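Line order of the protein sequences matches chains A and B.
So for the first sequence, our numbering puts the first residue at 25; every next one is plus one.
So for the second sequence, our numbering puts the first residue at 25; every next one is plus one.
A short worksheet on the structure shown next.
2 protein chains.
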Amino acid sequence: MDYYPDFDFFARTELLQGAPPDALRFLQASAGRRRLAAGDILFQQGDRTTSLFVVIAGRLRASQMAQDGQQIIIRYIGPGELAGYAALVGSDGHPGTVTAVDDSHLIGWTSAIIRQIMERYPVVAINAVALLGRRYHEMQIRVRELSTERVERRIGHTLLRLAHQSGRRTARGIEIAFPLSRRDLAEMVGTTLHTVSRTLSAWEERGIVSCGRCRVVLCKPHALVAIADEEE
Amino acid sequence: MDYYPDFDFFARTELLQGAPPDALRFLQASAGRRRLAAGDILFQQGDRTTSLFVVIAGRLRASQMAQDGQQIIIRYIGPGELAGYAALVGSDGHPGTVTAVDDSHLIGWTSAIIRQIMERYPVVAINAVALLGRRYHEMQIRVRELSTERVERRIGHTLLRLAHQSGRRTARGIEIAFPLSRRDLAEMVGTTLHTVSRTLSAWEERGIVSCGRCRVVLCKPHALVAIADEEE
DNA sequence: CTGACTGTTTGCGCTGGCGCAAATTGGAGG
DNA sequence: CCTCCAATTTGCGCCAGCGCAAACAGTCAG
Chain A
25 MDYYPDFDFF
35 ARTELLQGAP
45 PDALRFLQAS
55 AGRRRLAAGD
65 ILFQQGDRTT
75 SLFVVIAGRL
85 RASQMAQDGQ
95 QIIIRYIGPG
105 ELAGYAALVG
115 SDGHPGTVTA
125 VDDSHLIGWT
135 SAIIRQIMER
145 YPVVAINAVA
155 LLGRRYHEMQ
165 IRVRELSTER
175 VERRIGHTLL
185 RLAHQSGRRT
195 ARGIEIAFPL
205 SRRDLAEMVG
215 TTLHTVSRTL
225 SAWEERGIVS
235 CGRCRVVLCK
245 PHALVAIADE
255 EE
Chain B
25 MDYYPDFDFF
35 ARTELLQGAP
45 PDALRFLQAS
55 AGRRRLAAGD
65 ILFQQGDRTT
75 SLFVVIAGRL
85 RASQMAQDGQ
95 QIIIRYIGPG
105 ELAGYAALVG
115 SDGHPGTVTA
125 VDDSHLIGWT
135 SAIIRQIMER
145 YPVVAINAVA
155 LLGRRYHEMQ
165 IRVRELSTER
175 VERRIGHTLL
185 RLAHQSGRRT
195 ARGIEIAFPL
205 SRRDLAEMVG
215 TTLHTVSRTL
225 SAWEERGIVS
235 CGRCRVVLCK
245 PHALVAIADE
255 EE
């Protein structure tokens with residue numbers, strides 16, 4: 025039994041907000057739906073680009089692999105966000121792999137339909153421009169952090185960003201609302217799982233975070249901000 | 025005496041290729057022109073976004089600075105390419121500083137006009153999507169390199185990319201066609217000018233490169249490819 | 001020609017964080 | 001409850017590359 029997204033849902037997505045009703049009707053009629061269990065792969069790096077998806081519920085991870093097998097995590101994708109930007113930009117193959125990290129529900133369209141929609145409804149193309157601009161800017165900041173900051177600060181910044189994107193208030197603090205292993209965090213930060221583990225242990229001792237298997241809770245976000253932004 | 029870009033020129037720019045004649049006429053009529061000497065600043069990080077520019081001739085450097093003054097170079101911008109994407113995405117301020125590294129000639133439009141053009145001529149918006157997608161992908165690759173590769177390989181990859189974007193065939197090899205100091209290269213690669221200098225010296229000894237003040241010539245590009253892509 | 005300045009080279013010592021290895025823990029499935 | 005496995009923790013040694021410092025070399029203004 026699928027949940028059929030209504031116009032309100034479309035209005036909350038980064039790609040389709042502001043699109044006129046007839047565009048939304050067309051999109052609704054031409055959409056495909058896809059369900060993934062945690063761990064399932066939506067598409068793999070290098071796969072031929074066929075579709076673009078918008079996340080209705082759940083969470084996915086976009087990652088990229090080098091020839092030698094080393095992996096990095098590009099970003100996590102949550103409800104309302106887009107997966108498969110290759111279909112937007114007209115690229116032949118997907119630049120990365122997208123995997124569900126929680127059970128997820130997506131809605132998707134073929135590249136041809138998306139192309140057609142952007143041509144007919146400029147507001148969608150303009151949304152796409154804005155969205156890619158944000159992604160580009162996020163990556164600029166990551167490059168800057170990787171180039172100039174030490175590991176501890178990068179871990180701090182990364183956790184704060186994740187908490188901002190998908191933090192859940194709990195009694196103990198702000199919890200990252202999806203499974204995040206030490207290795208995952210390492211692949212976002214550009215370090216090893218060992219260093220992440222050591223750093224989190226040290227922080228746990230100081231009561232700044234509290235963590236378990238694939239779980240991180242920020243107990244003192246302000247202390248983390250201090251670490252991430254401290255002058256020197 | 026300014027060179028007035030004609031339709032052929034527009035057809036060679038990443039943003040305006042494929043735009044219909046009436047769009048180009050309007051763009052031509054509403055354009056502003058700007059000349060910069062090497063070293064002049066087009067706009068600074070944080071400046072209010074007013075315009076977007078297309079490079080007619082010359083070369084510029086987009087850089088970003090952290091609070092502590094540490095700088096990185098985002099990219100070099102050459103003829104046909106775009107400077108000031110903030111005006112495309114509707115961002116209030118410029119995310120980085122753009123400086124001319126050679127005498128440069130630009131053509132520009134206000135944010136409002138660009139917005140209007142994208143709404144009226146979807147092909148321009150779609151070009152913008154493609155262009156930002158490429159930039160985003162470039163940054164993904166840089167993040168991956170910074171996360172997983174050693175300095176020497178990163179320097180290799182960076183030089184190869186620069187040569188590809190703006191290499192000039194000479195008797196001695198492929199020369200990077202604009203002034204590029206050790207510090208500049210370091211800020212692209214994510215290291216220090218010292219390490220860049222040492223690496224280039226070692227390469228020069230092996231005849232792989234040949235370099236002078238703010239100049240780099242790749243004498244044996246294949247050897248550089250071997251260094252940059254060697255398995256291990 | 002001279003001085004000043006900016007860019008470059010090189011030596012030296014130190015250390016952040018990686019790599020390896022081994023022990024430990026916590027779940028999931030049977 | 002037991003077993004197995006993946007995730008995590010922690011110790012230890014090492015080294016790539018940074019930071020500092022000093023010498024050196026083009027280049028340009030006057």
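In this text, a Cβ means the ideal position worked out from N, Cα and C, and glycines have one as well.
All values derive from a computational prediction rather than experimental measurement.
CA-CA distance, H161/A to R166/B, rounds to 13 angstroms. Residues of the stretch 88-109 of chain B with a C-beta atom less than 9 angstroms from some C-beta of chain A are Q88, M89, A90, Q91, D92, Q94, Q95, I96, I98 and Y109, listed in chain order.
Within the DSSP secondary-structure output, M89/A pairs in a beta bridge with Q95/A. In terms of CA proximity to A43/A, V148/A leads the group A107/A, V148/A and G102/A.
Under the Cβ criterion (8 angstroms, minimum of three pairs), the stretch 56-66 of chain B does not count as touching the stretch 33-42 of chain B. By the beta-carbon neighbour count (other beta carbons within 10 angstroms, threshold 16), G93/A is exposed.
In the DSSP assignment, the residues bridged to F67/A are V122/A. Where I137/A is concerned, the enclosing alpha helix (DSSP H) starts and stops at S135 to R144. Per DSSP, the unbroken beta strand (DSSP E) holding R193/A starts and ends at G191 to R193. Between the stretch 198-205 of chain B and the stretch 235-243 of chain B, the count of C-beta pairs closer than 8 angstroms reaches three or more; the two stretches touch.
Taking 8 angstroms as the threshold, the shortest C-beta distance from E199/B to chain A does not fall below it.
In this structure, the CA atom of V78/A is about 8 angstroms from the CA atom of P103/A.
Where L39/B is concerned, there is no enclosing alpha helix (DSSP H), because DSSP gives it neither an H nor an E. Listed in chain order, the positions of the stretch 34-55 of chain A with a beta carbon within less than 9 angstroms of a beta carbon of chain B would be empty, since no residue qualifies. Remark: fewer than three beta-carbon pairs, one from each stretch, lie closer than 8 angstroms, so the stretch 65-83 of chain B and the stretch 111-121 of chain A are not flagged as touching. Around the beta-carbon of G236/B, fewer than 16 other beta-carbon atoms lie within 10 Å, marking it exposed. For E143/B, the closest Cβ of chain A is nearer than 8 angstroms.
Using a Cβ distance threshold of 8 angstroms, A124/A and L66/A count as a contacting pair. Measuring C-alpha to C-alpha distances from R158/B to each of A111/A, L170/A, L130/A and H188/A identifies A111/A as the nearest. Taken through DSSP and simplified to helix, strand or coil, R206/B comes out as helix. Short of 8 angstroms from the beta carbon of T73/A, and not among the five residues preceding or following it, lie these beta carbons of its own chain, in chain order: G108, A110, A111, S115, D116, G117, H118 and S135. Taking every protein chain shown into account, the CB of R36/B has fewer than 16 other CB atoms within 10 angstroms, so this residue is exposed.
Look at Y160/B here: in three-state DSSP terms it is helix.
Non-local beta-carbon contacts of E211/B in its own chain, meaning distances under 6 angstroms to residues more than five positions away in sequence, involve Q95, I96 and I97 in chain order.
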